[in-house]
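K.L.:
Using the numbering used here, the first residue of the sequence shown is number 8, and each one after it goes up by one. We treat Cβ as the ideally placed atom computed from N, Cα and C, and that holds for glycine. Fair warning: this is a prediction, and the values are worked out from it, not measured in the lab. Below: one structure in structure tokens.
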Amino acid sequence: PGLRGREPKEITLKNLSKIIHARVVEIIEQVYTEIKNYGHEEQKKKLIAGIVLTGGGSQLKHLKQLVEYITGMDTRIGYPNEHLAGDSEKEIASPLYATAVGLLMNAVTNEKKSKPADTKGKIEEELVLAGHEEGETLNKLKVKKERKSVFDKWSEKLKDFLDNAE
8 PGLRGREPKE
18 ITLKNLSKII
28 HARVVEIIEQ
38 VYTEIKNYGH
48 EEQKKKLIAG
58 IVLTGGGSQL
68 KHLKQLVEYI
78 TGMDTRIGYP
88 NEHLAGDSEK
98 EIASPLYATA
108 VGLLMNAVTN
118 EKKSKPADTK
128 GKIEEELVLA
138 GHEEGETLNK
148 LKVKKERKSV
158 FDKWSEKLKD
168 FLDNAE
């Protein structure tokens, strides 16, 4: 398909490869500039693990070697498999999901650190017997329910999944 109403244009695989290579080199150089601005050469700020590549882009051929060549730093591809259950699908153990798993683990850790308030998520409901009006006070029951957010439910499932790892 063409861009901005232009006619579609065919390019060779070699030209496409050159375009992708140029953009990847640009990205790596910008990332390395940010790392240098951070002051990674200071002992306190040293990047012990080097550069860890995650996400779908980390699966580009020879990207690890290119990053090492441009930056001169140790580089590796980050896989989430050390944090997943042993019977996980192979697709999930891909670097594509490493960032998502890391963010979820960080959220779970932060949730454990914060102390929930005693009344947080608690609601009281009054159940009225069928056939009676709401104002009548015959046999009203007070029930306390804990209301959980979608994130809470999802993080509990993730915790159970990670806890059941081999």
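Excluding the 5 residues flanking residue 77 on each side, which residues of the same chain have their C-beta closer than 6 Å to its C-beta?
P.N.:
Here residue 77 is taken as the residue at index 70 of the sequence shown, counted from 1. Excluding positions up to five away in sequence, the list reads 35.
K.L.:
Decide if residue 6 is buried, meaning its Cβ has at least 16 other Cβ atoms within 10 Å, or exposed.
P.N.:
The question about residue 6 has no answer here: the residues shown for the chain are numbered 8 through 173.
K.L.:
Taking DSSP as the reference, what is the three-state secondary structure of residue 12?
P.N.:
Here residue 12 refers to the residue found at position 5 when the sequence shown is read from its first residue. Residue 12 falls in the coil class under three-state DSSP.
K.L.:
Determine the DSSP secondary structure at residue 70, reduced to helix, strand or coil.
P.N.:
Here residue 70 refers to the residue found at position 63 when the sequence shown is read from its first residue. DSSP places residue 70 in helix when its eight states are reduced to three.
K.L.:
Which residue from 24, 43, 62 puts its Cα closest to that of residue 109?
P.N.:
On the sequence shown, residue 109 is found 102 positions in, with the first residue counted as 1. That would be 62, whose Cα lies nearest to the Cα of residue 109.
K.L.:
Can you find the residues in the same chain that come closer than 8 Å, C-beta to C-beta, to residue 83, ignoring five residues on each side of it along the sequence?
P.N.:
As a working mapping, residue 83 is identified with position 76 in the sequence shown. Closer than 8 Å at the Cβ level, and outside the excluded window around residue 83, lie 56, 57, 58, 59, 60, 71.
K.L.:
Alpha carbon to alpha carbon, how far is residue 117 from residue 40? Give it in angstroms, no decimals.
P.N.:
Here residue 40 refers to the residue found at position 33 when the sequence shown is read from its first residue. Here residue 117 refers to the residue found at position 110 when the sequence shown is read from its first residue. About 30 Å.
K.L.:
Quickly, what does DSSP pair residue 83 with across the bridge? List them, please.
P.N.:
Walking along the sequence shown from the start, residue 83 turns up at place 76. Per DSSP, 59.
K.L.:
Could you give the DSSP three-state label for residue 19: helix, strand or coil?
P.N.:
Taking the first residue of the sequence shown as position 1, residue 19 is located at position 12. Here residue 19 sits in coil by DSSP.
K.L.:
Report the three-state DSSP secondary structure of residue 42 (helix, strand or coil).
P.N.:
Your numbering for residue 42 matches position 35 in the sequence shown. Three-state result, residue 42: helix.
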